[in-house]
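Engineer: 2 is the number of the first residue of the sequence shown in our numbering; add one for each residue after it.
Here it is: the structure, laid out below.
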Amino acid sequence: GGEHLAEQARRHPTALMIGCEPFVNGVGSALRHIEEMALTNVRVHAGDARDVLNALPDGSLDRVMVLFPDPWPKARHNKRRLVQEDSAAAMARVLKPGGRLRFVTDWKDYADWALERFLKTPGLEWQAESQADWSVAPQDHVTTRYEEKKLGDTAPIFLEFSRV
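Have a look at this one:
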């Protein structure tokens with residue numbers, strides 16, 4: 002946990018980064034990366050990202066990245082997934098016009114689920130023009146140890162949206 006966040010903060014020292022991690026081990030790992038890299042432009046919320054989204058003002062973020070959230074693969078648990086209609090709307094709300102939303106998962110069902118909800122969200126426009134746009138990592142993507150474990154049922158799927 003926290004590898005991607007810390008590396009993005011290192012690459013963009015003038016941008017403030019907010020990371021959300023619901024699991025204590027992930028929070029500890031993120032804080033360790035931040036400390037090792039002596040980063041001062043990153044904060045970590047130990048809890049649900051929806052709490053942060055709900056606290057942020059409209060149009061306050063340039064980017065939202067949802068990276069490998071818990072897929073809750075059993076159908077009866079789908080309501081626990083981070084991406085729901087209300088959270089997708091909150092992500093769109095906090096993005097500045099022209100801001101970007103990236104969702105990455107290695108579970109095909111969750112990618113389909115998220116895409117369906119994001120496509121229904123007013124103000125979000127899917128940026129895919131070809132299959133490569135969701136099957137090839139964007140240039141600024143940081144591959145993490147978690148991603149390399151290939152725990153899901155498919156190669157990573159990258160869904161990229163713009164706030165219109």
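The beta carbon of each residue, even a glycine, is placed where N, CA and C say it ideally should be.
For T122 and A93, I'd like the C-alpha separation in whole angstroms.
Structural biologist: Each residue's alpha carbon lies about 8 Å from the other.
Engineer: Entirely within the stretch 90 to 157 and at least 3 residues each: give me those beta strand (DSSP E) ranges in chain order.
Structural biologist: Qualifying beta strand (DSSP E) stretches, in chain order: 96 to 106, 125 to 127.
Engineer: How many angstroms separate the CA atom of T41 from the CA atom of R12?
Structural biologist: Near 12 Å, if we compare the C-alpha coordinates of R12 and T41.
Engineer: Which whole-angstrom value describes the C-beta separation of F159 and V84, a residue pair presumed to lie in contact below a C-beta threshold of 8 Å?
Structural biologist: So it is not a contact: roughly 14 Å between Cβ atoms.
Engineer: Give me the DSSP bridge partner(s) of F162.
Structural biologist: F162 is bridged to L102, W127.
Engineer: Which residue or residues does DSSP assign as beta-bridge partners of V67?
Structural biologist: Paired residue(s): F104.
Engineer: Mind reading off the beta-carbon distance from V28 to A47? Whole number of angstroms is fine, and I expect it under 8 Å.
Structural biologist: With a Cβ gap of about 5 Å, V28 and A47 count as contacting.
Engineer: For P58, which residues of its own chain have a beta-carbon under 8 Å away from its beta-carbon, when the five flanking residues on both sides are left out?
Structural biologist: V95, listed in sequence order.
Engineer: Which value, in whole angstroms, describes the spacing of the CA atoms of K75 and S61?
Structural biologist: Computed Cα separation, rounded: 34 Å.
Engineer: Which two residues bound the contiguous alpha helix (DSSP H) that contains V25?
Structural biologist: Here the alpha helix (DSSP H) through V25 covers 25 to 37.
Engineer: Less than 8 Å between the C-beta atoms of V43 and L102, yes or no?
Structural biologist: No, they are not a contact pair.
Engineer: If you drop the 5 nearest sequence neighbours on each side, which residues of the same chain put their C-beta closer than 6 Å to that of A115?
Structural biologist: Around A115: V84, F104.
Engineer: Can you give me the C-alpha to C-alpha distance between S131 and V137, rounded to a whole angstrom?
Structural biologist: S131 and V137: Cα-Cα distance of roughly 10 Å.
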